[in-house]
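Residue numbers (this note's numbering): 169 to 309.
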């Protein structure tokens with residue numbers, strides 16, 4: 169599934185990433201749904217370059233699948249409103265401060281993973297990288 173992205177990596181890095189990709193497959197982190205070529209092509213590179221992204225995808229069940237299913241890895245948010253819409257959906261059923269804190273952590277983890285992935289894949293331009301980091305921080309604080 170990831171062989172095209174793996175071919176771009178030097179042999180030593182392929183040796184590093186292969187066990188992580190095996191974890192991804194063995195833990196059934198991704199469903200059998202069709203994964204866009206851009207994602208399968210970029211995943212080995214992104215995971216080699218970012219332990220943050222790798223660990224978030226492996227440790228937090230559903231994060232990677234949700235980012236793929238939503239299409240958010242492949243789109244550039246157009247501003248704070250895009251963040252606000254996603255944030256509002258997550259907080260709609262929050263009733264306690266404890267729930268709110270958990271949702272805030274989930275939202276920040278998701279969006280930071282998405283931003284880093286887009287940056288390392290070369291899909292985000294400089295303006296997007298700077299603006300999105302600031303938008304996420306401003307929305308949460």
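Virtual Cβ for every residue (Gly too), placed ideally from N, Cα, C.
Given a threshold of 16 other Cβ atoms within 10 Å of its Cβ, counted over all protein chains shown, does residue 220 qualify as buried or as exposed? Residue environment: residue 220 is assigned as exposed (fewer than 16 neighbouring CB atoms within 10 Å of its CB, all protein chains considered).
When you compare each of 174, 226, 223 and 205 to residue 239 by their alpha carbons, which one comes out closest? 205
Could you tell me the boundaries of the alpha helix (DSSP H) in which residue 266 lies? Going by DSSP, residue 266 is part of the alpha helix (DSSP H) stretching over 265-289.
Going by C-alpha distance, which of 283, 178, 175 and 274 is nearest residue 230? 274
Whole-angstrom C-beta distance between residue 233 and residue 194, which should lie under 8 Å: At roughly 15 Å, the Cβ-Cβ gap does not stay under 8 Å, so residue 194 and residue 233 are not in contact.
Does DSSP put residue 262 in a helix, in a strand, or in coil? coil
Less than 8 Å between C-beta atoms, sequence neighbours within five positions excluded: which residues of the same chain meet that for residue 235? 241, 278, 281, 282 and 285
Put residue 228 into one of helix, strand or coil per three-state DSSP. coil
Taking the alpha-carbon positions, what's the residue 176 to residue 213 distance? 8 Å
Among the residues of its own chain, which have a CB less than 8 Å from the CB of residue 203, if the five just before and after it don't count? Shown here for residue 203: same chain residues with a beta carbon closer than 8 Å to its own, the five before and five after excluded, namely 169 and 236 in chain order.
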